[in-house]
Amino acid sequence: GAAAERTHIIANGIDINSLKVLRQKRGSTVPPVLALIGRIVPIKDIKTFIRAISIMRVKLPEISGLIVGPLTHAPAYVQECKDLVNNLGVENNISFTGEQQIQDILPDAGLVVLSSISEGLPLVILEAFAAGIPVVATNVGASKELVCGKDSEDQQLGDAGKIVNIADPLELAEGALELLQDASKWQAAQTAAMQRVAKYYDLKNIMAQYAAIYKGLI
Numbered sequence: 003g004a005a006a007e008r009t010h011i012i013a014n015g016i017d018i019n020s021l022k023v024l025r026q027k028r029g030s031t032v033p034p035v036l037a038l039i040g041r042i043v044p045i046k047d048i049k050t051f052i053r054a055i056s057i058m059r060v061k062l063p064e065i066s067g068l069i070v071g072p073l074t075h076a077p078a079y080v081q082e083c084k085d086l087v088n089n090l091g092v093e094n095n096i097s098f099t100g101e102q103q104i105q106d107i108l109p110d111a112g113l114v115v116l117s118s119i120s121e122g123l124p125l126v127i128l129e130a131f132a133a134g135i136p137v138v139a140t141n142v143g144a145s146k147e148l149v150c151g152k153d154s155e156d157q158q159l160g161d162a163g164k165i166v167n168i169a170d171p172l173e174l175a176e177g178a179l180e181l182l183q184d185a186s187k188w189q190a191a192q193t194a195a196m197q198r199v200a201k202y203y204d205l206k207n208i209m210a211q212y213a214a215i216y217k218g219l220i
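Under our numbering, residues 3 to 220 are what the sequence shown spells out, in order.
Here is the structure:
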């Protein structure tokens, strides 16, 4: 393999400016709305999200869960998820929106949730951060370094949400409730989210890193 001194890791980046404008569309209070954005397939563990909403409803009856994504990738699994919603009696709390533009969803969300059992570096977390929304995510892939920071310098910004165990609806529910029901914690997480994505994941900075590497090869 390549020598360690000749390797350099460059993270994914996003166009922050296109999402930053969504911050102005938010209301003055934190909406009791959780948005799960992505394909409705088993690896995303939508059922844990549904069970978490059911748990949260006991303490927060007005809780709303948006499952945002195409319904065509795994129709049988989609039906299982809808059946679970019915069995838990949370039809009035959970909506399957189908595929939507993320710009239309994020301004109405209090938290973005990632309940996956496997991921790489989930861009939806960065998109949520850019829009000023904290994230509750399972400890998969790069989720923890995105939410909590990848090194000591990054970690000084604070946690931009909560990291929870895989397939644990109770922990997911408790983490989300803690943020939704404590405005100061939610605001601290929002600040960390916006600062982290601007400092480390702005597409302009990522492209500059690539340019520097190519320049060094010339």
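Note that beta-carbon positions come from the ideal geometry of N, C-alpha and C, so glycine has one too.
Query                                                                                                                                                                     : Result
Return the chain-ordered list of same chain residues with a C-beta closer than 6 Å to the C-beta of residue 40, the five sequence neighbours on each side being excluded. : 46, 71
Any contact between the segment 107 to 121 and the segment 171 to 179? By contact I mean 3 or more CB pairs, one from each, below 8 Å.                                    : yes
Which runs of the beta strand (DSSP E) spanning at least 3 residues fall entirely within the segment 133 to 166, listed in chain order?                                   : 137 to 140, 163 to 166
Which same chain residues end up closer than 6 Å to residue 141 when comparing Cβ atoms and leaving out the 5 residues on each side of it in sequence?                    : 165
Mind checking which residues open and close the alpha helix (DSSP H) that includes residue 119?                                                                           : It is not in any alpha helix (DSSP H) - residue 119 carries neither H nor E in the DSSP assignment.
Below 6 Å CB to CB, which residues in the same chain sit around residue 130 once its five sequence neighbours on both sides are set aside?                                : 114, 137
Could you pull out every unbroken beta strand (DSSP E) segment of at least 3 residues lying fully inside the segment 52 to 114, listed in chain order?                    : 66 to 70, 96 to 100
Taking only heavy atoms of the ligand PLP into account, decide whether any of them is closer than 6 Å to the Cβ of residue 60.                                            : By its list of ligands, the structure shown contains no ligand whatsoever, and the ligand PLP lies outside what it can speak to.
How close, in whole Å, do the beta carbons of residue 68 and residue 97 come, if the pair is a contact with beta carbons under 8 Å?                                       : 6 Å
Can you tell me which of 149, 150, 167 puts its alpha carbon nearest to the alpha carbon of residue 54?                                                                   : 167
In its own chain, which residues sit with a C-beta less than 6 Å from the C-beta of residue 103, not counting the 5 before and 5 after it?                                : none
Residue 111 and residue 33 look like a contact to me (Cβ under 8 Å); what is the Cβ gap, rounded to whole Å?                                                              : 7 Å
If you reduce the DSSP assignment to three classes, tell me which class residue 216 lands in.                                                                             : Note that residue 216 has pLDDT 49, beneath the 50 cutoff, so the model's placement of it is unreliable and the number below is only indicative. Helix, per DSSP.
Name the DSSP beta bridge partners of residue 37, please?                                                                                                                 : 68, 114
Can you check DSSP and say which residues form a bridge with residue 16?                                                                                                  : 204
Assuming residue 27 contacts residue 109 under a Cβ cut-off of 8 Å, what Cβ separation, rounded to an integer in Å, is found between them?                                : 4 Å
According to DSSP, is residue 198 helix, strand or coil?                                                                                                                  : helix
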